[in-house]
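*Asks:* Heads up, the sequence shown stops at 497 in our numbering, and the numbers go up one at a time, no gaps. We treat Cβ as the ideally placed atom computed from N, Cα and C, and that holds for glycine. Remember, it's a predicted structure, so these values are computed and weren't measured experimentally. Here it is: the structure, laid out below.
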Amino acid sequence: MEESMGNDAHAGDEVEISSLRKMVHLNGTKGRLVRFVNEVKRWSVECCDDRTHEIKPENLSVPAAPIRETKAGESLGVTSNARKKPAYAIMRGTVPNHPSVKEVLGNTYILPNILGFLDWKELLQARVCRRWREAVRCTPVPESRTADSWQTPELYVGNREAAEALIWLSDALPMLTSLNFLFNIGKSKLFQVANGEDAELSLMVSPILRNRNSPRPVDISCIANFHHLRNLAIHGLHLNGRYPFLFEFSNLRTLDFYNLGRLKWDLSILVNMPNLEKLSCISAYFLTGSLSDTRVLRETLKELGLSHCTKIDGNLKELADFPMLRAISLHGCKNIVGDIRHIRSGDFQSIESMGLPASVWGGGDLPSIEETPDIMRAWYTLKKQHSSVFTNMRLRLSLDSPERYDNNVHHSREMPSHVEFVQAEKRLGWRWTNCVFGGACETNWLDPEPSNLSLRYTKELQKIVDDVTFYEGFFAPPTQGEHLQRYSEFRGW
Numbered sequence: 005m006e007e008s009m010g011n012d013a014h015a016g017d018e019v020e021i022s023s024l025r026k027m028v029h030l031n032g033t034k035g036r037l038v039r040f041v042n043e044v045k046r047w048s049v050e051c052c053d054d055r056t057h058e059i060k061p062e063n064l065s066v067p068a069a070p071i072r073e074t075k076a077g078e079s080l081g082v083t084s085n086a087r088k089k090p091a092y093a094i095m096r097g098t099v100p101n102h103p104s105v106k107e108v109l110g111n112t113y114i115l116p117n118i119l120g121f122l123d124w125k126e127l128l129q130a131r132v133c134r135r136w137r138e139a140v141r142c143t144p145v146p147e148s149r150t151a152d153s154w155q156t157p158e159l160y161v162g163n164r165e166a167a168e169a170l171i172w173l174s175d176a177l178p179m180l181t182s183l184n185f186l187f188n189i190g191k192s193k194l195f196q197v198a199n200g201e202d203a204e205l206s207l208m209v210s211p212i213l214r215n216r217n218s219p220r221p222v223d224i225s226c227i228a229n230f231h232h233l234r235n236l237a238i239h240g241l242h243l244n245g246r247y248p249f250l251f252e253f254s255n256l257r258t259l260d261f262y263n264l265g266r267l268k269w270d271l272s273i274l275v276n277m278p279n280l281e282k283l284s285c286i287s288a289y290f291l292t293g294s295l296s297d298t299r300v301l302r303e304t305l306k307e308l309g310l311s312h313c314t315k316i317d318g319n320l321k322e323l324a325d326f327p328m329l330r331a332i333s334l335h336g337c338k339n340i341v342g343d344i345r346h347i348r349s350g351d352f353q354s355i356e357s358m359g360l361p362a363s364v365w366g367g368g369d370l371p372s373i374e375e376t377p378d379i380m381r382a383w384y385t386l387k388k389q390h391s392s393v394f395t396n397m398r399l400r401l402s403l404d405s406p407e408r409y410d411n412n413v414h415h416s417r418e419m420p421s422h423v424e425f426v427q428a429e430k431r432l433g434w435r436w437t438n439c440v441f442g443g444a445c446e447t448n449w450l451d452p453e454p455s456n457l458s459l460r461y462t463k464e465l466q467k468i469v470d471d472v473t474f475y476e477g478f479f480a481p482p483t484q485g486e487h488l489q490r491y492s493e494f495r496g497w
């Protein structure tokens, strides 16, 4: 039994929807009254799809009130104004009226909260009837069940069949939060993605010249239907032109592009993704823009990877005041300039790793042995602020440097052409090394020796000293003649 809507309905009351002719998918579902709109004489109802619809009163009904338990001396009756028991009533021992299992499993307003514990594959299996299909459409799909990115239940698209199924999937699971296109080079050539705007004409295939047996290009524009997308990764997919729908997700947190052929886009489009935390776009030779375009993400960006994006320009200082930025990778961005000597206290507050192009002074290969001390002192200033910077990292002497030589000796005796930081407790220094144990030069200490020598300091210092054998006494790489002399002396020992 259900009661029709009367004049005693109030905002917040639960109602059941029925007899709708247009939005038939809402029939049989429940919602809550928001307010009565006098202009159209309809109730504004918050429905199970998280949207508010204006519905006529005759299409709304109040669910039947629950039947109370009978007590001694009391007749069985129906309570017309029954409400959910408050917490204090439960504490007094009054038993609340819980809905039955049948009512829960048929209520598309409650079901999404239960189905939200399932991953996307299990949600597809739960689409057993019309009401459950509607409930699944309203269910936020969880991003991951584990911290291991290799075991997450995210959706991976790796073949033509999966790509063509996206149209159906975008209707079945519109609240999907993660989508990954992961192709290797061979797989991505098995089918062609439909060309985008401003496509390269030389790569376009005319419908007249296309073989009758060859499959039609796959249209991936249905990605735009996943309005709640938070993570989007596309690897190894041959794209041609501009695809604006890839950058229209206001909730996106991670954007990961790699080896996407002739995908054309500009960093200025980042304004459409104000919540982005990780931007990784590797080897995007048709990506344009400037580092200043990333400033719209100043408060949210944590990782920035634009390695080998050769058309990106700007100055490294544009990123200095990003409070959340932890990792920067700009290798091969030859048009980005800067000078690590200009980094001041307070810049790059959260930085943990920094990969810079050769066009930034101190960021690429070492130009000469003479300039190396100044470069290492500049890195030292940054490392004193953030100890994680330059960890497990080395710089090498440029391959074009005239100071390089090869005396055709054992690899453990090769020229020490790399530099690295060393640390004994809190004391920092740097040295030249050939990256083989025993192939390090003496340490150029930047911090003074502590007044109190702790046991930890002594052990760590001894480990550094033990790595200096062949180049003992050298604080910089020896000349070619000095190297041959030292090598002959070692052979005579």
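#1: Please report the straight-line C-alpha distance between I21 and C52, rounded to a whole angstrom.
#2: Residues in its own chain within less than 8 Å of V38 by CB, not counting five upstream and five downstream?
#3: Nearest to S455 by alpha carbon, out of K463, A444, R431, G443?
#4: N199: buried (16+ other C-beta within 10 angstroms of its C-beta) or exposed?
#5: Output needed for V341: all residues of its chain with C-beta closer than 7 Å, excluding positions within five of it in sequence on either side, in chain order.
#6: Can you say whether F494 is buried or exposed, counting buried as having 16 or more other CB atoms within 10 angstroms of its CB?
#7: Under the rule that 16 or more other beta-carbon atoms within 10 Å means buried, what is S210, buried or exposed?
#8: Excluding the 5 residues preceding and the 5 following S174 in the sequence, name in chain order all residues of the same chain whose CB lies nearer than 7 Å to its CB.
#9: Compute the beta-carbon to beta-carbon distance between H232 and P327, rounded to the nearest angstrom, for a pair I have assumed lies under 8 Å.
#10: Identify which residue in E429, A428, W434 has its Cα closest to the Cα of P420.
#11: Is the number of C-beta pairs between the segment 298-312 and the segment 366-373 that are closer than 8 Å three or more?
#12: Going by DSSP, what residue range makes up the beta strand (DSSP E) through E375?
#13: Along the chain, where does the alpha helix (DSSP H) that runs through D175 open and close?
#14: Going by DSSP in three states, D343 sits in which element: helix, strand or coil?
#15: So the alpha helix (DSSP H) A139 belongs to, where does it begin and stop?
#16: If I'm right that R238 touches L264 with Cβ under 8 Å, what's the distance once you round it to whole angstroms?
#17: Using the C-alpha atoms, what's the distance from T33 back to R330?
#18: Given F394, which residues of its chain have a CB within under 6 Å of its CB, disregarding the five upstream and five downstream residues?
#19: Rounded to whole angstroms, what is the Cα-Cα separation between F253 and L236?
#20: Tell me the rounded alpha-carbon separation between R25 and F185.
#21: Could you tell me if R460 is buried or exposed, where buried requires 16 or more neighbouring beta carbons within 10 angstroms of its beta carbon?
#22: Where does the unbroken beta strand (DSSP E) through A61 begin, and where does it stop?
#23: Taking just the CA atoms, how far does Y289 sit from L274?
#24: How would you write the range of the beta strand (DSSP E) that N438 sits in, first residue to last?
#25: Could you tell me which residues DSSP pairs with S284 in its beta bridges?
*Replies:* In short:
#1: Indexing the sequence shown from 1 puts residue 21 at position 17. Indexing the sequence shown from 1 puts residue 52 at position 48. Computed Cα separation, rounded: 11 Å.
#2: Here the question's residue 38 lines up with position 34 in the sequence shown. Apart from sequence neighbours up to five positions away, the residues of its chain that approach V38 with a beta-carbon distance below 8 Å are A15, W47, S48, V49, E50, T56, ordered along the chain.
#3: Counting from 1 along the sequence shown, the entry for residue 455 is found at position 451. Measuring from the Cα of S455, the nearest candidate turns out to be R431.
#4: Residue mapping note: residue 199 aligns to position 195 of the sequence shown, counting from 1. Classification of N199: buried, given that the 10 Å Cβ count is 16 or more.
#5: One-based indexing of the sequence shown puts residue 341 at position 337. Same-chain partners within the cutoff: N319, S363, V364.
#6: Along the sequence shown, read from residue 1 onward, the residue named residue 494 stands at position 490. Exposed.
#7: Locating residue 210 in the sequence shown gives position 206, counting from the first residue. The predicted model places S210 with a pLDDT of 49, which falls under 50 and marks its position as unreliable; any figure quoted below should be read in that light. Counting Cβ neighbours within 10 Å, S210 comes out exposed, since fewer than 16 surround it.
#8: Mapped onto the sequence shown, residue 174 falls at position 170. Answer for S174: C226, N229, F230, listed in chain order.
#9: Along the sequence shown, one-based indexing puts residue 232 at 228. Along the sequence shown, one-based indexing puts residue 327 at 323. Not confirmed; about 27 Å, so no contact.
#10: Taking the first residue of the sequence shown as position 1, residue 420 is located at position 416. Nearest C-alpha to P420: W434.
#11: no
#12: Indexing the sequence shown from 1 puts residue 375 at position 371. Element bounds for E375: n/a, residue is neither H nor E.
#13: Numbered from its first residue, the sequence shown carries residue 175 at position 171. Where D175 is concerned, the enclosing alpha helix (DSSP H) stretches over 170-176.
#14: One-based indexing of the sequence shown puts residue 343 at position 339. D343 falls in the strand class under three-state DSSP.
#15: Looking up residue 139 in the sequence shown gives position 135. Its alpha helix (DSSP H) spans residues 134-141.
#16: Numbered from its first residue, the sequence shown carries residue 238 at position 234. Numbered from its first residue, the sequence shown carries residue 264 at position 260. First, the amino acid is wrong: residue 238 is Ile here, not Arg. Under the criterion of beta carbons closer than 8 Å, I238 and L264 qualify as touching, at roughly 6 Å.
#17: As a first step, residue 330 is located in the sequence shown; it is residue number 326 there, counting from the start. As a first step, residue 33 is located in the sequence shown; it is residue number 29 there, counting from the start. Straight-line Cα distance between these residues: approximately 46 Å.
#18: Within the sequence shown, numbered from 1, the residue matching residue 394 stands at position 390. Excluding positions up to five away in sequence, the list reads W383, K387, F425.
#19: Stepping through the sequence shown from its first residue, residue 253 is reached at position 249. Stepping through the sequence shown from its first residue, residue 236 is reached at position 232. Between F253 and L236, the C-alpha separation is close to 10 Å.
#20: Working through the sequence shown from its first residue, we reach residue 25 at position 21. Working through the sequence shown from its first residue, we reach residue 185 at position 181. Distance between the alpha carbons of R25 and F185: 39 Å.
#21: Within the sequence shown, the letter at position 456 stands for residue 460. Exposed.
#22: On the sequence shown, residue 61 is found 57 positions in, with the first residue counted as 1. The residue you asked about is not Ala; residue 61 is Pro in the sequence shown. Careful: P61 lies outside any beta strand (DSSP E) and carries neither H nor E.
#23: Locating residue 274 in the sequence shown gives position 270, where the first residue counts as 1. Locating residue 289 in the sequence shown gives position 285, where the first residue counts as 1. One C-alpha to the other measures close to 18 Å.
#24: In the sequence shown, residue 438 corresponds to position 434, counting from 1. Element bounds for N438: n/a, residue is neither H nor E.
#25: Here residue 284 is taken as the residue at index 280 of the sequence shown, counted from 1. According to the DSSP secondary-structure assignment, S284 is paired through a beta bridge with D260, G309.
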